[in-house]
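Here the sequence shown stands for residues 70 to 819, numbered as in the working numbering.
Quick reminder that beta carbons are idealized off the backbone N, C-alpha and C, glycines included.
On a predicted model such as this, the values are computed, not experimentally measured, just so you know.
All remarks here apply to the structure that follows.
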Amino acid sequence: MLKLLNVSKEYITEDENILALRDINLDLESSGFVSIVGPSGCGKTTLLNMLGGLDHPTNGDLYFNNQNTKSYTDSDWDTYRNQKIGFVFQHYYLIPHLNIIQNIALPLSIAGYDQKSALEKAKDILITVGLKDKLYKKPNQLSGGQQQRASIARALVNNPKIILADEPIGSLDHESSLEIMELLKNISLDRLVVMVTHNMKLASDYSNQIITIDSGMIKDRKLNLPVKSKDLKPEINKNSAKMSFSTSFKLSFMNLMKRKLRTILTSLAASIGVIGITLVLAVAFGFNRFVEVRKTETLNAFPIQVDRLSLVVPLFDESYRPNLDLFPDTEIAYPRNIQYVFQTINTITPEYFQYVEKMNPAIYEHIHYNYKIQSNFVIENSGSIVNPGSVIKEIDVSEAYLSENFEVIKGRMMQLESFEAIITLDRYNRLSKDIAESLGFNGDDPISFDDLLGLKLKWIPNDVMYTLDGANYIKNSVSNVYGSALAIDIEIVGIVRIQEKFNIDYLRTGIFYSTHLAKHIMGDSKNSEIVVAQISSNINVIDNTALTQSTKDTALRNLGYGTYPLAYVFYSKTFSDKDLIMDYLKAYNDTVSINQAIEPLDLAGIGLATMRTAIDSVTIILIVFSGIALLISNLMIGIMTYTSVIERTKEIGILRSVGARKKDIGNIFYSETLMIGILSGTLGILISYLLIPFLNMILKTVTTIENLAYLFFPYAIILVIINILLTSISGIIPASIASNKDPILCLRNE
Ligand code: ADP
Ligand code: MG
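Right, dumping it as structure tokens:
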């Protein structure tokens with residue numbers, strides 16, 4: 070059945086070439102027990118490996134069933150080892166992390182048997198070798214003799230024609246040796262058993278033939294006991310050896326399970342990169358979501374403003390803490406001195422107005438012009454008539470702005486298209502003390518909302534307010550004009566306050582009237598006697614002082630007439646439009662000298678946009694860092710798999726000897742990295758989910774935004790997949806190293 074013709078084997082090493090076998094000619098029958106004896110290093114193992122297809126001759130030919138194996142492909146050799154040959158080794162070479170029955174079923178799995186029938190067959194064969202009660206034990210729980218019996222069972226399980234045993238009793242005591250010899254002898258009744266041994270006594274007691282080797286040559290060949298052959302079983306023709314991916318997965322899974330702590334620690338370390346990326350993405354995603362949801366709100370809440378006295382923000386420093394509750398529920402206003410900070414001072418010119426009017430209408434939704442005029446108001450407060458002076462102003466924001474920013478705490482919101490006014494309070498329900506006094510209150514006592522809404526406000530036209538007396542106009546007393554039929558009632562419809570979610574107060578406290586009224590006042594004032602007189606004179610028509618162009622402009626505005634707006638509010642539909650408006654307004658400064666520059670102010674620019682750029686740049690930095698962490702963790706997984714390859718060299722040899730293909734070996738380690746990848750990715754995502762609430766607590770103190778970081782679930786899945794892809798890349802090298810290992814070197818490796 071097996072025939073060697075002029076076979077020699079030369080090992081070429083760095084320092085010498087060893088001729089391990091020299092011109093061997095040997096013919097072996099299809100059954101019987103053949104012993105090979107000879108001194109150490111004479112070439113016995115080499116000869117056995119040659120017969121078993123683990124190694125191939127340098128010269129000469131091996132015939133199997135009269136077929137020259139020269140024509141065998143790698144896959145033919147794999148099938149040959151899996152189907153025709155069973156190997157038994159001195160040190161049993163059972164795979165330590167599989168139990169006995171799994172070890173024995175392994176060649177069957179490689180041969181493509183399904184799990185269930187493989188285990189059944191393995192069980193049957195283990196019963197015949199007398200290991201019925203050791204099926205689920207790990208190899209190290211068995212004695213040497215039992216392990217050797219298990220390894221013989223593994224050699225037999227595919228019902229091969231040939232059993233090759235390399236010093237199978239070399240490590241056993243006498244009694245166990247006898248049992249094993251008995252077993253091999255029995256086996257040899259219907260197949261060929263070739264055994265290497267040092268025990269001459271047992272060799273001659275049991276074998277049919279003894280071959281003596283020395284220095285790579287056959288010295289002697291002696292027929293011993295006659296061959297008693299049984300009827301040979303018909304050969305089962307199986308397909309070529311093919312291990313399923315699930316078997317390689319199972320093998321690596323068992324291996325990982327054996328080293329749980331290391332597996333978990335590696336996965337944890339490897340998950341750091343995933344955690345980093347996940348958290349960064351969660352913040353970036355969460356922030357974009359925040360911006361999207363709040364976009365219109367934000368755009369309306371924070372328009373671009375251009376003002377003479379740009380923005381008015383009450384101070385909120387430590388030294389200034391009113392002894393009042395924030396956002397109180399009580400219907401009481403508190404007159405207090407409120408300190409404001411004026412941010413920028415712009416000199417708005419008629420040229421600026423022209424420039425603004427030339428802005429592309431497509432980029433803004435609405436521009437609110439405020440001419441900053443003064444006009445004549447009279448108030449009746451609990452029966453007494455007072456002149457409120459200049460504290461009553463036009464509202465310079467849109468209706469959308471009002472509803473987005475303010476909450477009505479009494480009454481209702483004013484409608485900008487009617488003659489109405491509202492009273493604004495700040496977050497402590499404060500009202501400027503000077504305003505309270507101008508409205509006829511004493512300026513110290515708290516004022517009930519009912520008293521505020523009970524104020525009767527009237528606007529008086531210039532022609533009613535002023536009377537020409539000789540060359541000058543004089544102002545009539547408020548009590549005289551209050552009853553005029555031409556006076557217009559302005560209803561104070563509500564009291565409003567900035568919403569709690571905003572941390573900047575924009576409007577000063579006070580009384581604000583509608584845009585509609587402002588237009589009416591300007592239209593009426595323009596044609597009033599006093600304004601017409603003032604327009605045509607460079608002398609003040611009230612006090613006869615000489616006027617420059619600028620003081621004349623102010624004088625006219627104080628009479629309710631302005632030729633160009635002094636404050637602008639720009640509303641846009643999108644952030645990019647808003648950017649375009651900003652760009653356009655800033656470009657104005659290129660056309661004028663520095664001291665005439667006009668700075669548009671974007672409140673969102675202070676809050677949201679700066680935060681956005683900050684988050685964007687931090688995101689990039691963090692992604693780079695986490696990316697590095699991810700690469701390092703994958704490198705680690707690669708190294709860990711490589712360590713595993715080194716540790717499992719013997720297993721590689723065993724698997725190859727029972728017929729596993731190179732590819733199967735690669736798959737085992739590849740699936741190991743894959744599992745680590747799945748584990749570390751999943752762990753990373755889970756840990757991230759656990760960390761996000763803490764991250765959000767930190768983010769809230771920095772940004773004041775609740776639940777900013779948010780991990781979109783499909784992204785989590787994608788991240789796990791990316792991690793698996795990366796780890797599988799890092800598994801390629803160790804897997805290919807493993808699959809290219811020479812099986813005989815693996816087996817020799819002690
Ligand atoms: P035995 O099994 O009879 O003790 P071996 O067949 O293992 O002897 O070895 C025969 C000779 O070939 C020895 O000199 C050994 O050092 C050498 N040899 C075996 N395998 C290799 C190898 N892979 N590379 C180099 N030399 C080897
Ligand atoms: Mg040897």
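- Restricting attention to Val296, Val771, Ile280 and Val610, the CA atom closest to the CA of proline 108 is found in Ile280.
- Inclusion of valine 349 and threonine 688 in the CB contact set at 9 Å is warranted, their separation being smaller than that value.
- For the pair leucine 271 and glutamine 171, the Cα-to-Cα distance works out to about 31 Å.
- Every unbroken stretch of the beta strand (DSSP E) spanning 3 or more residues and falling wholly within the region 566-639 is given here in chain order: 579-582.
- By the criterion of a C-beta distance shorter than 6 Å, glutamate 489 is surrounded in its chain by Met483, Glu560, Val562 and Ser583, once the five residues flanking it on both sides are discounted.
- Remark: the C-beta of glutamate 79 is outside contact range of the ligand MG, defined as less than 8 Å to any heavy atom.
- As computed with DSSP, isoleucine 432 is found in no beta bridge at all.
- For a cut-off of 8 Å, the C-beta gap from asparagine 445 to asparagine 531 is around 7 Å, short enough to register as a contact.
- Assignment of serine 487 by DSSP, reduced to helix, strand and coil, places it in the coil class.
- The alpha-carbon separation between histidine 243 and threonine 114 amounts to approximately 23 Å.
- Proximity to glycine 512 across Arg499, Thr335 and Asn277 peaks at Arg499, based on C-alpha coordinates.
- Taking the CA atoms as reference points, asparagine 809 sits about 18 Å from isoleucine 81.
- Along the length of the region 110-152, whole beta strand (DSSP E) runs at least 3 residues long occupy 128-133, reported in chain order.
- When secondary structure is reduced to three states using DSSP, alanine 505 falls in the helix class.
- Taking each of Tyr739, Ala804 and Arg817 in turn and checking the Cα distance to phenylalanine 318, the smallest one comes out for Tyr739.
- Nearest Cα to leucine 764 within the set Leu393, Gly579, Gly355 and Gly452: Gly355.
- Within 10 angstroms of the beta-carbon of glutamate 236 lie 16 or more other beta-carbons, which makes it buried.
- Under a 10 Å Cβ-count criterion, valine 352 is classified as buried, with 16 or more other Cβ atoms of the shown protein chains found around its own Cβ.
- When rounded, the separation of the alpha-carbon atoms in isoleucine 461 and phenylalanine 396 is 24 Å.
- Cα atoms of methionine 709 and isoleucine 756: separation of roughly 22 Å, rounded to the nearest angstrom.
- By the C-beta density criterion, serine 662 is exposed, having fewer than 16 other C-beta atoms within 10 angstroms.
- Closest in C-alpha terms to glycine 480, from the list Lys502, Gly523, Glu506 and Ile504, comes Gly523.
- Restricting attention to Leu188, Glu189, Ala219 and Lys190, the CA atom closest to the CA of lysine 203 is found in Ala219.
- In the three-state reduction of the DSSP assignment, proline 295 falls in the coil class.
- In chain order, Val375, Asp376, Arg377, Asn439, Lys441 and Asp465 place their CB closer than 7 Å to the CB of alanine 636, counting only its own chain and leaving out the 5 sequence neighbours on each side.
- When the Cα atoms are used, glutamine 665 and valine 789 turn out to be separated by approximately 57 Å.
- For isoleucine 813, the shortest C-beta to heavy atom distance toward the ligand ADP is below 8 Å.
- The residue from Val714, Phe475 and Gln408 with its alpha-carbon nearest to that of lysine 570 is Phe475.
- For isoleucine 93, the CB stays at least 8 Å from every heavy atom of the ligand ADP.
- As the crow flies, the alpha-carbon of threonine 718 is around 20 Å from that of alanine 224.
- In this structure, the ligand MG has a non-hydrogen atom nearer than 8 Å to the beta-carbon of lysine 113.
- In the same chain as proline 372, and ignoring 5 residues on each side of it, the C-beta atoms closer than 7 Å to its own belong to Tyr470, Val638, Phe639 and Tyr640, in chain order.
- DSSP lists Val638 and Leu670 as the bridge partner or partners of glutamine 374.
- Checking the 8 Å criterion, the Cβ of threonine 197 is out of range of every heavy atom belonging to the ligand ADP.
- In the DSSP assignment, lysine 72 falls within the beta strand (DSSP E) that extends over 71-81.
- The beta carbon of isoleucine 611 sits closer than 7 Å to those of Asn541 and Tyr542, all from its chain and outside the five residues before and after it, given in chain order.
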